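Here is the structure we will look at.
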Amino acid sequence: MKPTKFKNIKTKRIELKPMPVTFDFANHLFNIIAPNKDFFKFMPWADIKMPEQEFDFLRGAEKNWKTHNSVSYGMYIKPNNTFIGVCSFFNIDWDNESGEIGYWLDPKYARHGYMSEAAQGVEKNFLKWVFVELLSK
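In terms of numbering that gives the first Met the number 0, the sequence shown is numbered consecutively and its last residue is 136.
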(Lines of atoms letter the chains of each structure in order from A and count residues from 1; the text may use other names and numbers.)
(Lines give C-alpha, C1' and ligand atoms only; values in the text may rest on other atoms or scores of the structure.)
Protein backbone atom coordinates (compact mmCIF):
# COMPACT_ATOMS: atom_id res chain seq x y z
CA MET A 1 0.00 0.00 0.00
CA LYS A 2 1.46 3.34 -1.06
CA PRO A 3 0.99 6.43 1.08
CA THR A 4 -1.47 9.06 -0.02
CA LYS A 5 1.17 11.74 0.57
CA PHE A 6 4.68 12.07 1.90
CA LYS A 7 5.45 14.09 5.01
CA ASN A 8 8.09 16.73 5.66
CA ILE A 9 10.71 15.71 8.21
CA LYS A 10 12.10 17.96 10.94
CA THR A 11 15.21 17.16 12.91
CA LYS A 12 17.05 19.25 15.49
CA ARG A 13 18.82 21.49 12.97
CA ILE A 14 17.29 20.79 9.56
CA GLU A 15 14.00 20.35 7.74
CA LEU A 16 13.59 18.00 4.82
CA LYS A 17 10.84 19.08 2.43
CA PRO A 18 9.99 19.30 -1.28
CA MET A 19 12.15 21.57 -3.40
CA PRO A 20 10.58 24.36 -5.45
CA VAL A 21 10.19 23.50 -9.13
CA THR A 22 11.41 26.79 -10.56
CA PHE A 23 14.13 27.88 -12.95
CA ASP A 24 15.61 30.05 -10.19
CA PHE A 25 16.01 27.06 -7.90
CA ALA A 26 17.36 24.95 -10.78
CA ASN A 27 20.01 27.65 -11.29
CA HIS A 28 20.79 27.53 -7.58
CA LEU A 29 21.34 23.75 -7.74
CA PHE A 30 23.46 24.12 -10.87
CA ASN A 31 25.62 26.77 -9.17
CA ILE A 32 26.32 24.35 -6.31
CA ILE A 33 27.18 21.35 -8.48
CA ALA A 34 28.96 22.95 -11.47
CA PRO A 35 31.99 24.39 -9.62
CA ASN A 36 32.38 21.24 -7.49
CA LYS A 37 32.91 18.60 -10.19
CA ASP A 38 35.62 16.85 -8.14
CA PHE A 39 33.28 16.56 -5.19
CA PHE A 40 30.57 14.98 -7.35
CA LYS A 41 32.83 12.80 -9.53
CA PHE A 42 31.64 9.60 -7.83
CA MET A 43 28.07 10.34 -8.95
CA PRO A 44 27.88 9.91 -12.75
CA TRP A 45 24.30 11.18 -12.80
CA ALA A 46 25.62 14.53 -11.51
CA ASP A 47 27.38 15.29 -14.78
CA ILE A 48 25.31 18.42 -15.12
CA LYS A 49 26.20 20.71 -18.01
CA MET A 50 23.36 23.24 -17.86
CA PRO A 51 20.68 24.50 -15.44
CA GLU A 52 17.91 23.01 -17.60
CA GLN A 53 19.07 19.56 -16.51
CA GLU A 54 18.51 20.57 -12.90
CA PHE A 55 15.04 21.81 -13.79
CA ASP A 56 14.32 18.38 -15.34
CA PHE A 57 15.50 16.79 -12.08
CA LEU A 58 13.16 19.01 -10.07
CA ARG A 59 10.19 18.19 -12.32
CA GLY A 60 10.99 14.48 -12.03
CA ALA A 61 11.30 14.75 -8.25
CA GLU A 62 7.92 16.50 -8.07
CA LYS A 63 6.31 13.81 -10.26
CA ASN A 64 7.86 10.98 -8.22
CA TRP A 65 6.71 12.66 -4.99
CA LYS A 66 3.13 12.74 -6.31
CA THR A 67 3.19 9.16 -7.65
CA HIS A 68 5.09 7.84 -4.62
CA ASN A 69 7.78 6.21 -6.74
CA SER A 70 10.50 8.03 -4.80
CA VAL A 71 10.93 11.05 -2.60
CA SER A 72 13.66 13.66 -2.94
CA TYR A 73 13.82 15.97 0.03
CA GLY A 74 15.55 19.30 -0.10
CA MET A 75 17.60 19.78 3.06
CA TYR A 76 17.24 23.18 4.72
CA ILE A 77 18.97 24.51 7.83
CA LYS A 78 16.52 25.84 10.40
CA PRO A 79 15.50 28.54 11.18
CA ASN A 80 16.78 30.55 8.19
CA ASN A 81 15.72 27.97 5.55
CA THR A 82 19.17 27.74 3.89
CA PHE A 83 19.25 24.99 1.25
CA ILE A 84 22.23 22.65 1.77
CA GLY A 85 21.56 19.48 -0.25
CA VAL A 86 19.25 16.64 -1.23
CA CYS A 87 18.32 13.40 0.55
CA SER A 88 16.29 10.89 -1.46
CA PHE A 89 14.56 7.58 -0.86
CA PHE A 90 14.22 5.77 -4.18
CA ASN A 91 13.89 2.37 -5.87
CA ILE A 92 11.04 1.82 -3.46
CA ASP A 93 9.62 -1.69 -3.42
CA TRP A 94 6.35 -1.29 -1.55
CA ASP A 95 5.65 -5.03 -1.50
CA ASN A 96 9.01 -5.89 0.09
CA GLU A 97 9.22 -2.76 2.23
CA SER A 98 12.60 -1.70 0.91
CA GLY A 99 14.39 1.03 -0.98
CA GLU A 100 17.62 2.99 -1.18
CA ILE A 101 18.77 6.23 0.42
CA GLY A 102 20.91 8.59 -1.63
CA TYR A 103 22.12 12.07 -0.86
CA TRP A 104 24.45 14.92 -1.67
CA LEU A 105 25.47 17.94 0.28
CA ASP A 106 26.81 21.34 -0.73
CA PRO A 107 30.53 21.01 0.09
CA LYS A 108 30.34 24.25 2.12
CA TYR A 109 28.20 22.38 4.66
CA ALA A 110 30.17 19.13 4.78
CA ARG A 111 31.68 17.86 8.01
CA HIS A 112 29.08 19.45 10.28
CA GLY A 113 26.92 16.34 10.75
CA TYR A 114 24.03 17.59 8.60
CA MET A 115 24.05 14.57 6.30
CA SER A 116 24.07 12.11 9.18
CA GLU A 117 21.23 14.02 10.79
CA ALA A 118 19.21 13.97 7.55
CA ALA A 119 19.77 10.25 6.92
CA GLN A 120 18.78 9.46 10.51
CA GLY A 121 15.71 11.67 10.10
CA VAL A 122 14.69 9.74 6.99
CA GLU A 123 15.33 6.45 8.72
CA LYS A 124 13.52 7.30 11.95
CA ASN A 125 10.65 9.31 10.49
CA PHE A 126 10.01 8.46 6.85
CA LEU A 127 10.86 4.76 6.93
CA LYS A 128 9.11 4.21 10.25
CA TRP A 129 6.05 6.10 9.07
CA VAL A 130 5.83 4.35 5.69
CA PHE A 131 6.87 0.81 6.50
CA VAL A 132 5.68 0.41 10.07
CA GLU A 133 2.70 2.68 10.69
CA LEU A 134 1.23 2.95 7.18
CA LEU A 135 1.73 -0.62 5.99
CA SER A 136 0.53 -2.14 9.24
CA LYS A 137 -2.94 -0.62 8.74
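Idealized CB from N, CA, C, for every residue including glycine.
Keep in mind it's a predicted model, so treat the numbers as computed, not measured.
- Closest by C-alpha distance to P34, when choosing among T21, K48, F24 and F22: K48
- Query: Once you ignore the five residues that flank D92 on each side, which residues in its own chain have a CB closer than 8 angstroms to its CB?
  - Reply: G98
- Since T148 is in the alpha helix (DSSP H), which residue starts that stretch and which ends it? Because the chain here runs from 0 to 136, residue 148 falls outside it and cannot be looked at.
- Task: Could you check if F22 is buried or exposed, using at least 16 other CB atoms within 10 Å of its CB as the buried criterion?
- Result: exposed
- Query: With a cut-off of 8 angstroms, do at least 3 Cβ pairs link the segment 76-83 to the segment 50-60?
  - Reply: no
- Going by DSSP, which residues form a beta bridge with I100? F88.
- Identity of the residues DSSP links to K9 by a beta bridge: E14
- Taking the Cβ atom as the reference point for each residue, do P17 and G73 lie within a distance shorter than 8 angstroms? For P17 and G73, yes; Cβs fall inside 8 angstroms.
- Message: Rounded to the nearest angstrom, what separates F24 and G112 at their Cα positions?
- Response: 24 angstroms
- Message: Pop quiz: A118 and C86 are said to be a contact at Cβ under 8 angstroms. What is the actual Cβ separation, rounded to whole angstroms?
- Response: 7 angstroms
- Query: From N7 to N26, what distance separates their C-alpha atoms?
  - Reply: 23 angstroms
- Query: If you count every other CB in all the chains shown that lies within 10 Å of the CB of S71, and 16 or more means buried, which is it?
  - Reply: buried
- Pull up the CB-CB distance for W103 and G84, whole angstroms please, since I reckon it's below 8 angstroms. 5 angstroms
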